Amino acid sequence: MKKVLSVLTAFAVTAALLSGCAKGGTENTQTTSASEKETTSETAEETSEAQKPADSYTLKIGSLKGPTSMGLVKLMDQSEKGDAKGSYDFTMVTAADELLGKIVNKELDVALVPANMASIIYNKTNHEVTVLDINTLGVLYGVSADDSIKTAADLKGKTVYLTGKGATPDYALQHVLKANGLTTDDVTLEYKSEAAEVASILKEKPDAVGLLPQPFVTAAMAQNDALKMVLDLTKEWDATAGENGGSLVTGVTICRNDVIKDHEEAIAAFMAEHKESAEFANANVAETAALVAAAGIIEKAPVAEKAIPYCSITYVDGDQMKSLLSGYLKVLFDMEPSSVGGTLPADDFYYMP
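All the letters of the sequence shown, read from the start, carry residue numbers -24 to -1, 1 to 329 under mature numbering (1 follows the signal peptide of the UniProt record, and there is no 0).
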């Protein structure tokens, strides 16, 4: 379309010039012929340049099938239809380690990864990546049919089923327990290999407590009407974090530094469109749910529609991003340095255009 418009504009300019010169006779027409061609050529080139994006580089973007991709689905749809302002090649994977490998091997330019993994990659690559934004805040919830649980303090004497010993949910829960004066001596933590296994236990034992991320929370509740969200781990974290405790950050968007250096305008365009896409997801839940289902992130749109409001889809950049993320990483570092790659990131970890 842009090429067609450029050609049409060029024809229009040529027609106007020819029309204006016709009244001057043959000699005048011949004299101005070369000038007309030069002017027409220059105008066509200028018009074409004005319609081209500032940087047409195709960004290779990877994300996980889950909440971190939900804020991108509108942009993915626009890109597939050719309606996006930037040029993008999207890839979705099921395991965070796949993204780590692809960003380290330069198969991806941009990746939406767990917040602590961003720090690990930063340390692993000798500071070769930068965080552009926070794309997802807390998505962890305590799920149970036990009505006696109102706060984290009520978990004393109970068993909590969760995934990944030494993973983010584990650290987040232990931090909240500690802030409420509890330890693993007071609360039994049973680790399972995947969220689906925790959901299965809750189906068999409704009075058990499961710590699950969205959208598994919504899926588990759909299978058992007795289950409800009894704890919002983000609220529990925020209530005890203090000024420097950041917030419970689930996902961030990172970019390779060489890509930022060589294609700064393309990155700026992506960040603007990412923000618009995230805002669309929160404002247009039903339409986003349909896109989420179409992308294969959640199988059924009705489940996605119920889950989206609890998925903490967001877009936070600049100083606020640095404040929230640095505080969160500091909490993880204090609990277990290896959870953030051994050392806390320096200021160059945070993108400040």
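Positions of the beta carbon are idealized from the N, C-alpha and C atoms, including for glycine. As the structure is a computational prediction, the values presented were derived from the model and not from experiment.
Taken in chain order, the complete beta strand (DSSP E) segments of 3 or more residues contained in the stretch 92 to 148 are 105 to 112, 116 to 120 and 135 to 139.
Taking C-beta atoms as the reference points, A175 and A196 count as a pair closer than 7 Å. Contact check between the stretch 58 to 72 and the stretch 283 to 292: fewer than three CB pairs, one atom from each, fall below 8 Å, which does not count as touching. In the three-state reduction of the DSSP assignment, Y64 falls in the strand class.
The residue among V69, N92 and S95 with its C-alpha nearest the C-alpha of L84 is V69.
The three-state reading of DSSP puts E275 in coil, since its state is none of H, G, I, E or B. In the DSSP assignment, P189 falls within the beta strand (DSSP E) that extends over V185 to P189.
The beta carbon of V136 sits closer than 8 Å to the beta carbons of G118, L149, V163, T164, L165, E166, V185, G186 and L187 from its chain, once the five residues preceding and following it are set aside; these are given in chain order. The three-state secondary structure of L76, taken from DSSP, is helix. In this model, Q199 and H103 are separated by some 45 Å (Cα to Cα). In the three-state reduction of the DSSP assignment, P90 falls in the strand class, which pools E and B.
Between L320 and L300, the beta carbon gap of about 14 Å keeps them out of contact (Cβ cut-off 8 Å).
Just measuring C-alpha positions, the residue of F309, L116, A270 and Y327 sitting nearest V228 is Y327. Residue range G227 to R232 is occupied by the beta strand (DSSP E) that includes G227.
In this structure, the straight-line span from the alpha carbon of D130 to that of S124 is close to 7 Å.
In chain order, T216 place their CB closer than 7 Å to the CB of A155, counting only its own chain and leaving out the 5 sequence neighbours on each side. In this structure, A277 lies near A265, with their beta-carbon atoms less than 7 Å apart.
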